[in-house]
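Student: When we follow the UniProt record's numbering, the leftmost residue of the sequence shown carries the number 3, and every step to the right adds one. In this text, a Cβ means the ideal position worked out from N, Cα and C, and glycines have one as well. What you are looking at is a predicted structure, and each value in this text was computed from that prediction instead of being measured.
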Amino acid sequence: ATVPVLTIDGPSGSGKGTISRAVAQRLGWHYLDSGALYRAVGVAAGWADLDLDDAGALVRCTFDTTIGFDEGGEELRVLVNGHDATDELRTETAGAAASAIAAIPEVRAALKDRQRAFRVAPGLVADGRDMGTVIFPDAGWKVFLTASAEERADRRYKQLKNKGVSVTMDGLLREILARDARDANRAVAPLRPAEDAVRIDTTGQGIEAVVERVLSLLPARN
Ligand code: C5P
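What follows is the structure, encoded as structure tokens:
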């Protein structure tokens, strides 16, 4: 039988990461943070001082970059070319680089198989922008999470503040709106809900309520 997949797509700050990790944990399934792959290439491109307009160099960089996930510790660590890049990955610089790189069709194609390789028994929760539309179109359950831009900026603000990163609400809101526009308007795999996705607006909702709502889509397990 094919390994079951639940896809959770949505814009940045919609709560995808938090919800997906919690749902995966509750189900005892694997978890794919597909954004981390694009961010990893963005970080590697930064290390190599590549020009974000040089598509050819970025495609080569995608093939050359090794990305490892270490689930052993308390927090999921991401290794880029063998170096722990977990913290660097979360910065807005990495997010913006990821978003620019993610618009290159050859980069997306190169990362396709790496993403599909996460589909391992007993199941997978895949979080991203095109999990339900492109990577796992045959997923058994598809969710599209949204939240108002203000709430998403507010969540990011708190996250970054916690990490001691200095940011302003205004700057974050502007960055989020710019990234939304770029992700929604690109020619390849633009951010949009799959036709068969269940939309959930998380504005003003607690994590546990959303987790329960997502789990309620799956058949009851004994
Ligand atoms: O989800 P996260 O904010 O980590 O994603 C970073 C960037 O990677 C997004 O802005 C988007 O451009 C890109 N991305 C993508 N497809 C995915 C996941 C992320 O294009 N499946």
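State the Cα-Cα distance for the pair Asn-224 and Leu-29, rounded to the nearest angstrom.
Tutor: Indexing the sequence shown from 1 puts residue 224 at position 222. Indexing the sequence shown from 1 puts residue 29 at position 27. Because Asn-224 carries a pLDDT of 48, less than 50, the predicted location of this residue cannot be relied on, and no value is offered for it.
Student: Taking all protein chains shown into account, do 16 or more other C-beta atoms lie within 10 angstroms of the C-beta of Ser-22, making it buried, or fewer, making it exposed?
Tutor: Position 20 of the sequence shown, counted from the start, is the residue given in the question as residue 22. By the 10 Å Cβ count, Ser-22 comes out buried.
Student: Are Leu-217 and Val-45 close, meaning C-beta to C-beta below 8 Å?
Tutor: Here the question's residue 217 lines up with position 215 in the sequence shown. Here the question's residue 45 lines up with position 43 in the sequence shown. Not closer than 8 Å, so no.
Student: Is Ala-38 close to the ligand C5P? I mean its beta-carbon at under 7 Å from any heavy atom of the ligand.
Tutor: Taking the first residue of the sequence shown as 1, we reach residue 38 at position 36. The answer is yes for Ala-38.
Student: Between Leu-147 and His-32, is the Cβ-Cβ spacing less than 8 Å?
Tutor: Residue mapping note: residue 147 aligns to position 145 of the sequence shown, counting from 1. Residue mapping note: residue 32 aligns to position 30 of the sequence shown, counting from 1. Cβ distance not < 8 Å, so Leu-147 and His-32 don't count as in contact.
Student: Apart from the five residues just before and just after Ala-186, which ones in its own chain have a Cβ nearer than 6 Å to its Cβ?
Tutor: Here residue 186 refers to the residue found at position 184 when the sequence shown is read from its first residue. Result list for Ala-186: Pro-192, Leu-193, in chain order.
Student: Could you tell me how far apart the beta carbons of Thr-9 and Val-145 are, in whole angstroms, since I believe they sit closer than 8 Å?
Tutor: Taking the sequence shown and counting its residues from 1, one reaches residue 9 at position 7. Taking the sequence shown and counting its residues from 1, one reaches residue 145 at position 143. That pair is a contact at about 7 Å.
Student: Shorter than 7 Å, the distance from the beta carbon of Ser-150 to the closest heavy atom of the ligand C5P, or not?
Tutor: As a working mapping, residue 150 is identified with position 148 in the sequence shown. Result no, Cβ not under 7 Å from the ligand C5P.
Student: State the start and end residues of the unbroken alpha helix (DSSP H) segment that holds Val-25.
Tutor: The residue labelled residue 25 in the question sits at position 23 within the sequence shown. Per DSSP, Val-25 belongs to the alpha helix (DSSP H) from 18–29.
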